[in-house]
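First the structure, in the form of structure tokens, and then the observations on it.
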Amino acid sequence: MTATGLTVSQALQQRISVRAFLPTPVPESTVRELLDLARLAPSGGNLQPWKVIVVAGAARAAVIDAARRYPGLVPSEDGERPVYPANLWEPYRSRRYKVGEDMYALLGISRENKAGRLAQVARNFEFFGAPVGVFFVIDERMGHSQWAHLGMFMQSLALAATERGLSTCFQEFWGMLRKTLKTHFQLDEHDMLYCGMALGYADPAAAVNTLRSERAGVAEFARFDYD
Ligand SMILES: Cc1cc2nc3c(=O)[nH]c(=O)nc-3n(C[C@H](O)[C@H](O)[C@H](O)COP(=O)(O)O)c2cc1C
């Protein structure tokens, strides 16, 4: 698998969350190559607090099957670690709402179409058709610092994938099945699954992949105390 020669800036600009993939397989050697790059991510004290499980083929099918027993948008199995804080406040609340509504608009799924929205959510548990699923695991005894370091590892992985013409979608949705997947993967006592990631080739014909999420400008989040 050859790199496309993108600069880091280009990879940052091109990486988006892809939610419809082609069935084109991704060789194990490619995923190993990506992980070999992502492991260079920094971490405080060089703890390297990340662990990863990669599934493809029958292992991927088995995870999808385990998730199929999940009844849909019911509360997470791990209520202690909700994906978002309760009663999300501004500007975060509006941002979350906007990206969701923009996505459903592209898919032609109205607010009233609850079944349609649930069906789209359920696509998470099929990796949106991606041939490879990646799960990020962290020791539950780790604190907020190590979680941040895991995030750096994850973004490094996504950028390396982008450089190779591959697409990704991080999937916190898998965290809703934290207990089911802990059993499924027979994780060690303290290991917990944080998040998944779909990995593969984007379907260029899928409308959902034309979604471009917005970002606040630098002036909105940065304070410059230059003198
Ligand atoms: C850690 C993490 C978890 C995410 N989980 C999900 C998910 O479960 N399902 C999903 O469709 N998108 C998920 N996303 C994608 C975000 O919605 C997306 O990154 C955000 O809207 C910005 O869009 P972009 O990635 O296209 O730039 C996740 C993103 C991150 C970073």
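Here the sequence shown is numbered in the numbering used here, starting from -8 and rising by one per residue.
Note that the Cβ used here is the ideal one computed from N, Cα and C, for glycine as well.
Practice task
Reducing DSSP to helix, strand and coil, say where A121 ends up.
Solution key: Here the question's residue 121 lines up with position 130 in the sequence shown. The answer is coil: DSSP assigns A121 none of H, G, I, E or B.
Practice task
Go through the segment 132 to 211 residue by residue and report every complete run of the beta strand (DSSP E) that reaches 3 residues or more, in order.
Solution key: 158 to 162, 182 to 191
Exercise for the section: Using the Cα positions of F126 and D218, report the straight-line distance between them to the nearest angstrom. Expected result: Sequence index remark: in the sequence shown, residue 126 carries index 135 (1-based). Sequence index remark: in the sequence shown, residue 218 carries index 227 (1-based). Using only the alpha carbons, I get a separation of about 44 Å.
Problem - Bridge partner(s) assigned by DSSP for I44 - result: Residue numbering aside, residue 44 sits at position 53 when the sequence shown is read from its first letter. Its beta-bridge partners are F126.
Problem - heavy atom of ligand 1 below 6 Å from V161 C-beta - result: Sequence index remark: in the sequence shown, residue 161 carries index 170 (1-based). As written in the sequence, residue 161 is Phe, which differs from the Val given in the question. Answer for F161: yes, Cβ within range of ligand 1.
Handout entry: For V17 and G191, believed in contact at Cβ under 8 Å, the rounded distance
Key = Locating residue 191 in the sequence shown gives position 200, where the first residue counts as 1. Locating residue 17 in the sequence shown gives position 26, where the first residue counts as 1. With a Cβ gap of about 6 Å, G191 and V17 count as contacting.
Exercise for the section: Please name the residue, chosen from A189, A210, A32, Y95, that lies closest to L109 on a Cα-to-Cα basis. Expected result: Residue numbering aside, residue 109 sits at position 118 when the sequence shown is read from its first letter. That would be Y95, whose Cα lies nearest to the Cα of L109.
Exercise for the section: Would you mind reading off the limits of the alpha helix (DSSP H) that contains L98? Expected result: In the sequence shown, the residue the question calls residue 98 occupies position 107. Per DSSP, L98 belongs to the alpha helix (DSSP H) from 83 to 98.
Exercise for the section: Drop a sphere of 10 angstroms on the beta-carbon of E92, count the other beta-carbons inside from all chains shown, and report buried for 16 or more, exposed for fewer. Expected result: Indexing the sequence shown from 1 puts residue 92 at position 101. Counting Cβ neighbours within 10 Å, E92 comes out exposed, since fewer than 16 surround it.
Problem - C-beta atoms of V74 and E131 nearer than 7 Å - result: For the purposes of this step, residue 74 is identified with residue 83 of the sequence shown, where counting begins at 1. For the purposes of this step, residue 131 is identified with residue 140 of the sequence shown, where counting begins at 1. It is not a contact, given that the beta carbons lie outside the stated cut-off.
Practice task
Rank E205, D182, A197 by C-alpha distance to the C-alpha of Y88 and give the top, closest one.
Solution key: For the purposes of this step, residue 88 is identified with residue 97 of the sequence shown, where counting begins at 1. Nearest C-alpha to Y88: E205.
Problem - Span separating the alpha-carbon of L3 from that of Q39 - result: Residue numbering aside, residue 3 sits at position 12 when the sequence shown is read from its first letter. Residue numbering aside, residue 39 sits at position 48 when the sequence shown is read from its first letter. In a straight line, the C-alpha of L3 is about 23 Å away from that of Q39.
Handout entry: 6 Å CB neighbourhood of K173 in its chain, flanking five on each side removed
Key = Mapped onto the sequence shown, residue 173 falls at position 182. Hits under 6 Å: none found.
Practice task
Assign S20 to one of three DSSP states: helix, strand, or coil.
Solution key: Residue numbering aside, residue 20 sits at position 29 when the sequence shown is read from its first letter. In this structure, S20 counts as helix in the three-state DSSP scheme.
Exercise for the section: Return yes when the Cβ of R6 is within less than 7 Å of the Cβ of A149, no when it is not. Expected result: On the sequence shown, residue 149 is found 158 positions in, with the first residue counted as 1. On the sequence shown, residue 6 is found 15 positions in, with the first residue counted as 1. Yes, these two residues count as a Cβ contact at 7 Å.
Handout entry: Exposed unless 16 or more other CB atoms sit within 10 angstroms - verdict on G166
Key = The residue given as residue 166 occupies position 175 in the sequence shown. G166 is buried by the Cβ-count criterion.
Exercise for the section: Say whether the segment 149 to 159 touches the segment 177 to 184, bearing in mind that this needs 3 or more beta-carbon pairs closer than 8 Å, one atom from each stretch. Expected result: no
Exercise for the section: Determine which residues share a DSSP beta bridge with S8 and list them. Expected result: On the sequence shown, position 17 is the one that residue 8 refers to. The partner list for S8 (beta bridge, DSSP) reads T159.
Problem - F127 Cβ short of 6 Å to ligand 1 heavy atom set - result: Here the question's residue 127 lines up with position 136 in the sequence shown. Not under cutoff, so the answer is no.
Exercise for the section: Reducing DSSP to helix, strand and coil, say where S0 ends up. Expected result: On the sequence shown, position 9 is the one that residue 0 refers to. Residue state, collapsed to three classes: helix.
Practice task
Just mark A135 as buried or exposed, buried being the case when its beta carbon has 16 or more other beta carbons within 10 Å.
Solution key: Numbered from its first residue, the sequence shown carries residue 135 at position 144. Inspection of the sequence shows that residue 135 is occupied by His rather than by Ala. That one is exposed.
Handout entry: Proximity test, I55 beta-carbon vs ligand 1 heavy atom, cut-off 6 Å
Key = On the sequence shown, position 64 is the one that residue 55 refers to. No, the beta carbon of I55 sits no closer than 6 Å to any heavy atom of ligand 1.
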